[in-house]
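Residue numbers (full-length UniProt numbering): 1 to 69.
Okay, structure first, notes after.
Here it is, written out as structure tokens:
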């Protein structure tokens with residue numbers, strides 16, 4: 001199997017997106033009072049997770065964009 005940088009970058013982008021979603025979900029769990037965090041910390045985690053899930057992949061894709069495309 002050859003090392004394809006596009007495949008590696010795709011999986012990194014998906015991992016960043018999934019990590020952001022997981023962080024946002026954990027923040028929502030904390031907001032509901034079901035986690036060992038105070039609700040204000042859950043709100044912060046939710047916002048950071050949503051921003052990461054949206055802007056993280058966009059930033060990586062822009063940085064890794066081919067110069068001829």
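By construction, the Cβ of each residue, glycine as well, lies at the ideal position given by its N, Cα and C atoms.
Do residue i and residue j have their CB atoms nearer than 8 Å?
i	j	result
residue 43	residue 27	yes
residue 56	residue 16	yes
residue 23	residue 52	yes
residue 33	residue 39	yes
Taking just the CA atoms, how far does residue j sit from residue i?
i	j	result
residue 61	residue 46	23 Å
residue 37	residue 21	18 Å
residue 64	residue 25	28 Å
residue 10	residue 66	14 Å
residue 58	residue 5	17 Å
residue 68	residue 35	48 Å
How is residue i classed by DSSP in three states: helix, strand or coil?
i	result
residue 33	coil
residue 5	helix
residue 150	Residue 150 falls outside the range modelled here, since the chain spans only 1 to 69, and no answer is possible.
residue 67	coil
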